[in-house]
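K.L.:
Please see the structure below; I have some questions.
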Amino acid sequence: MENEEEKIISYIENRLTPAEKETFEKQLQARPELQESLSLYQDLLLAGDVFGPDGIQPQLEATWQANESTPKRVGSNRRLLRFAAVIALLIVAGIAIWQIALRGNHPQEFWQDTDQYAQLLSEQKERYQSARIKILDETLLPIRSSKKQMLHPAIDTLLNSQQPVLFEWRRDLSNSKLEVEIFTKDTQNTPRRYPLPKDAYQLKVKLPPNLYYWRFSIPNEEVLQTGRFYVVTP
Amino acid sequence: MMDDFQFVKQLKAKDQVAWQEAYRRYYAKTESYLRTIKYPIEKLKDDAKDIWQETVIVLYIYLGKGNEPNDLGAYVFGIMRNLCLKKLKEKGREVPIEEDYTPAEDNTYERVRLTHEIATDILGTMKKQKGLKHCAEIIRLFFLERKKDREIAAQIGLKEDYIKVRRSQKCLPYFKTKFQKHYKYQDLKN
Chain L
1 MENEEEKIIS YIENRLTPAE KETFEKQLQA RPELQESLSL YQDLLLAGDV FGPDGIQPQL
61 EATWQANEST PKRVGSNRRL LRFAAVIALL IVAGIAIWQI ALRGNHPQEF WQDTDQYAQL
121 LSEQKERYQS ARIKILDETL LPIRSSKKQM LHPAIDTLLN SQQPVLFEWR RDLSNSKLEV
181 EIFTKDTQNT PRRYPLPKDA YQLKVKLPPN LYYWRFSIPN EEVLQTGRFY VVTP
Chain V
235 MMDDFQFVKQ LKAKDQVAWQ EAYRRYYAKT ESYLRTIKYP IEKLKDDAKD IWQETVIVLY
295 IYLGKGNEPN DLGAYVFGIM RNLCLKKLKE KGREVPIEED YTPAEDNTYE RVRLTHEIAT
355 DILGTMKKQK GLKHCAEIIR LFFLERKKDR EIAAQIGLKE DYIKVRRSQK CLPYFKTKFQ
415 KHYKYQDLKN
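The listed protein sequences derive, respectively, from chains L and V.
Under the working numbering, the residue at position 196 of the first sequence is numbered 196, and the numbers go up by one with no gaps.
Under the working numbering, the residue at position 11 of the second sequence is numbered 245, and the numbers go up by one with no gaps.
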């Protein structure tokens with residue numbers, strides 16, 4: 001004879017005769033604890049159907065993985081590549097526009113043609129060979145950008161005489177008392193001095209064509225950096 | 235492309251083709267709906283997967299109870315939409331005003347999920363319990379892995395009759411008592 005637990009399982013699995021089924025259903029109505037056991041076993045079986053090792057959820061997970069990791073991924077990679085290409089184009093276009101815009105403000109970049117620029121620089125070096133200050137030239141070694149105090153103008157830059165020369169230094173220096181001196185070989189003992197106001201980080205100076213040197217310093221304390229550039233008429 | 239009748243039939247039978255069809259029919263729509271309600275993008279993919287899975291399971295449970303939706307697409311969209319909005323709310327986000335979020339009437343999925351969680355927890359402790367030899371295995375294989383008694387008997391290396399007697403006289407009474415005393419049992423009743 002089956003005990004009650006087996007009877008419930010037999011009922012769930014539809015193994016009871018019609019008479020047994022009728023009797024069992026009458027008992028269900030009369031005894032809530034029997035109904036509760038039935039509900040628990042039905043939910044347990046459903047839990048197995050859904051979350052068991054061969055259940056629906058693991059199979060849906062496998063289906064999702066298969067679709068998302070193989071053909072779809074290719075698609076999404078393509079989309080990603082397309083997206084990356086668009087972003088790259090936008091960046092290039094942005095840089096180009098920025099360069100064009102800067103050309104108006106930063107005279108050191110007014111030549112687009114690098115070959116022409118190199119040729120002109122070579123001509124200026126030759127032309128102003130005798131105007132070099134040898135003792136100063138020896139100190140003008142390339143400076144790592146991280147150690148640069150003065151950001152513009154870079155060494156040996158060609159600058160347009162029709163626009164002011166832009167000096168720009170690191171903003172974290174702007175609280176110090178600073179000075180820029182500009183001079184040629186002939187004026188090295190009487191340089192133009194530009195005391196820099198606090199909070200400033202730029203200086204613009206109009207200069208005629210020539211080879212110029214500059215000295216950036218904390219007056220009477222320390223020379224921070226020196227440099228050299230050419231002003232030319234294009 | 236499978237028609238609704240075929241799809242429902244395959245789903246009820248838990249046929250492998252039904253899962254692929256369910257993916258094709260509903261997964262992209264779930265992602266798309268989440269985007270519509272401005273779901274947090276960093277979680278969108280993972281949560282879309284969970285919502286899609288739950289939607290299909292809720293549909294399976296609904297069909298398993300003998301229900302037949304008049305409009306399958308509308309019924310599934312309703313489930314999916316509700317789950318998306320519920321999840322958005324859980325994230326502390328405001329549900330769009332135009333979206334009328336109504337909690338699901340049928341909580342079978344939640345009840346079954348919690349039942350599975352409690353059962354797994356109890357079976358873990360039963361393994362180490364003296365006097366309950368084979369019980370955890372018998373219950374797990376029968377309910378959670380849906381094995382027949384002869385399969386369980388073969389797997390454990392015992393007679394089928396022993397499995398039946400052991401399950402009904404020793405294992406299930408103990409399991410049921412522990413289940414009702416589990417700290418999450420009240421969540422199940424609420």
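C-beta atoms are modelled at their ideal positions from N, C-alpha and C, and glycine is treated no differently.
Is Thr-63(L) close to chain V? Criterion is C-beta to C-beta, closer than 8 Å.
P.N.:
Residue mapping note: residue 63(L) aligns to position 63 of the first sequence, counting from 1. Yes, because at least one Cβ of chain V sits closer than 8 Å to the Cβ of Thr-63(L).
K.L.:
Classify Gln-108(L): buried if its beta carbon has 16 or more other beta carbons within 10 angstroms, exposed otherwise.
P.N.:
As a first step, residue 108(L) is located in the first sequence; it is residue number 108 there, counting from the start. Confidence is the limiting factor: at Gln-108(L) the pLDDT is only 49, short of 50, which leaves the residue's position unreliable, though a coordinate-based value still follows. By the 10 Å Cβ count, Gln-108(L) comes out buried.
K.L.:
What residues of chain V sit near Ala-47(L), judged by a beta carbon separation below 8 Å?
P.N.:
Counted from its first residue, the first sequence places residue 47(L) at position 47. What Ala-47(L) touches in chain V: Val-346, Arg-347, Thr-349, His-350, Ala-353, Phe-377 and Leu-378.
K.L.:
Report yes or no: do three or more beta-carbon pairs, one from the region 159-175 of chain L and one from the region 244-264 of chain V, lie closer than 8 Å?
P.N.:
no
K.L.:
With a threshold of 8 Å between beta-carbons, can Ser-402(V) be considered close to chain L, or not?
P.N.:
Position 168 of the second sequence holds residue 402(V). Output row for Ser-402(V): interface = yes.
K.L.:
DSSP puts Arg-193(L) in a beta bridge; with which residues?
P.N.:
Along the first sequence, one-based indexing puts residue 193(L) at 193. Arg-193(L) is bridged to Glu-181(L).
K.L.:
Using 8 Å as the limit for Cβ to Cβ distance, is Gly-52(L) near chain V?
P.N.:
Taking the first residue of the first sequence as 1, we reach residue 52(L) at position 52. Chain V, which has a Cβ nearer than 8 Å to the Cβ of Gly-52(L), makes this yes.
K.L.:
Which residue from Arg-31(L), Leu-80(L) and Pro-153(L) puts its Cα closest to that of Thr-226(L)?
P.N.:
Position 226 of the first sequence holds residue 226(L). The candidate whose alpha carbon is nearest that of Thr-226(L) is Pro-153(L).
K.L.:
Can you name, in chain order, every residue of its own chain whose Cβ lies under 6 Å from the Cβ of Glu-181(L), other than the five neighbours on each side?
P.N.:
Here the question's residue 181(L) lines up with position 181 in the first sequence. These residues qualify, in order along the chain: Pro-191, Arg-193 and Arg-215.
K.L.:
Note the first and the last residue of the continuous alpha helix (DSSP H) segment covering Tyr-168(L).
P.N.:
Within the first sequence, numbered from 1, the residue matching residue 168(L) stands at position 168. The displayed chain sequence assigns Glu, not Tyr, to residue 168(L). First-last for Glu-168(L): 165-169, but that is the beta strand (DSSP E), not the alpha helix (DSSP H).
K.L.:
Would you verify that the beta carbon of Gln-116(L) is, or is not, closer than 8 Å to some beta carbon of chain V?
P.N.:
Taking the first sequence and counting its residues from 1, the one referred to as residue 116(L) is at position 116. So no, Gln-116(L) is outside the interface.
K.L.:
Is any beta-carbon of chain V found at less than 8 Å from that of Asn-14(L)?
P.N.:
Within the first sequence, numbered from 1, the residue matching residue 14(L) stands at position 14. No Cβ of chain V is located within less than 8 Å of the beta carbon of Asn-14(L).
K.L.:
Going by CA-CA distance only, name the one from Ile-155(L), Asp-43(L) and Lys-21(L) that's closest to Leu-121(L).
P.N.:
Working through the first sequence from its first residue, we reach residue 121(L) at position 121. By alpha-carbon distance to Leu-121(L), the top candidate from Ile-155(L), Asp-43(L) and Lys-21(L) is Ile-155(L).
K.L.:
Under 8 Å Cβ-Cβ, which residues of chain V neighbour Ser-37(L)?
P.N.:
In the first sequence, residue 37(L) corresponds to position 37, counting from 1. What Ser-37(L) touches in chain V: Lys-410.
K.L.:
Assign Gly-48(L) to one of three DSSP states: helix, strand, or coil.
P.N.:
One-based indexing of the first sequence puts residue 48(L) at position 48. In this structure, Gly-48(L) counts as helix in the three-state DSSP scheme.
K.L.:
I'd like to know whether the C-beta atoms of Leu-278(V) and Cys-318(V) end up nearer to each other than 8 Å.
P.N.:
Within the second sequence, numbered from 1, the residue matching residue 278(V) stands at position 44. Within the second sequence, numbered from 1, the residue matching residue 318(V) stands at position 84. Not a contact, by the Cβ cut-off of 8 Å.
K.L.:
Using the C-alpha atoms, what's the distance from Lys-321(V) back to Ile-275(V)?
P.N.:
Here residue 275(V) is taken as the residue at index 41 of the second sequence, counted from 1. Here residue 321(V) is taken as the residue at index 87 of the second sequence, counted from 1. So the two alpha carbons sit approximately 13 Å from each other.
K.L.:
Flag this pair as touching only if the region 357-365 of chain V and the region 26-41 of chain L have three or more C-beta atom pairs under 8 Å; answer yes or no.
P.N.:
no
K.L.:
Cutting at 6 Å between CB atoms, please list the residues of its own chain near Gln-244(V), excluding the five before and the five after it.
P.N.:
Position 10 of the second sequence, counting from 1, holds the residue named residue 244(V). Excluding sequence neighbours, Gln-244(V) sits near Val-251 and Ala-252.
K.L.:
Kindly say whether Glu-6(L), judged by its beta-carbon, lies nearer than 8 Å to any beta-carbon of chain V.
P.N.:
As a position in the first sequence, residue 6(L) is number 6, starting the count at 1. It does: the Cβ of Glu-6(L) has a partner Cβ on chain V nearer than 8 Å.
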